[in-house]
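Take the sequence shown: its letters are residues 1 to 126, numbered as in this note's numbering.
First up is the structure itself, then whatever we jot down about it.
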Amino acid sequence: EPGRALAAPAVTLALRVKALRPDGSLVLNDGTYGGLAEWRDMPAGKIRVVRLDAELDRNPTSERVIWGPTCDSLDRLPDPVSLPRDIAEGDYLLLPGMGAYCQSISTQFNGYGPGAPVMASFGSGH
């Protein structure tokens, strides 16, 4: 799809880990009714985990189920995702290549909606 090829690289979705469940699954501040709507029907892409106040041990990893914030049983990614074992509340998941549809197909389901975009520029400053 030509539009996806142009728009997708322009957006990286940054999601915060709100909670870790006792079974090891994660609850994020956005889910399949929001920015992750595309990922209900397609395999998860590359995910980078960032911790703001400390170094994150990227190995070993474990498979984790990812839930959205809405408390709806469908607000979950269909397949577990490999993430660092020491992931914690407050860490961020960065998902590149989300510019095609992450905002346009987000809903207002259960009081949640798309977050406000934040512009960031990295590189030479031109």
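Ideal Cβ positions, reconstructed from N, Cα and C, are used throughout, including at glycine.
Using the Cβ count rule (16 or more neighbours within 10 Å means buried), how would you classify residue i?
| i | result |
| --- | --- |
| G31 | buried |
| G35 | buried |
| A10 | exposed |
| M42 | exposed |
| L83 | buried |
With a Cβ-Cβ cutoff of 8 Å, do residue i and residue j count as a contact?
| i | j | result |
| --- | --- | --- |
| P80 | R64 | yes |
| R85 | T70 | no |
| V50 | D23 | no |
For residue i and residue j, what's the separation of their Cα atoms in angstroms?
| i | j | result |
| --- | --- | --- |
| N29 | D57 | 22 Å |
| I87 | R4 | 31 Å |
| G68 | P2 | 29 Å |
| L15 | L94 | 7 Å |
| I66 | R76 | 6 Å |
| L26 | L6 | 31 Å |
| A19 | E89 | 5 Å |
| G97 | T12 | 6 Å |
| R40 | R21 | 21 Å |
| L52 | V17 | 12 Å |
| A54 | I47 | 18 Å |
| D72 | N59 | 31 Å |
What residues are listed by DSSP as bridge partners for residue i?
| i | result |
| --- | --- |
| R64 | V81 |
| L95 | L13 |
| S19 | The question names Ser, but residue 19 is Ala in the sequence shown. A19 pairs with V27. |
| R48 | L94 |
Does the beta carbon of residue i come closer than 8 Å to any beta carbon on chain B?
| i | result |
| --- | --- |
| D75 | Chain labels in this structure do not include chain B; a single protein chain is all it has. |
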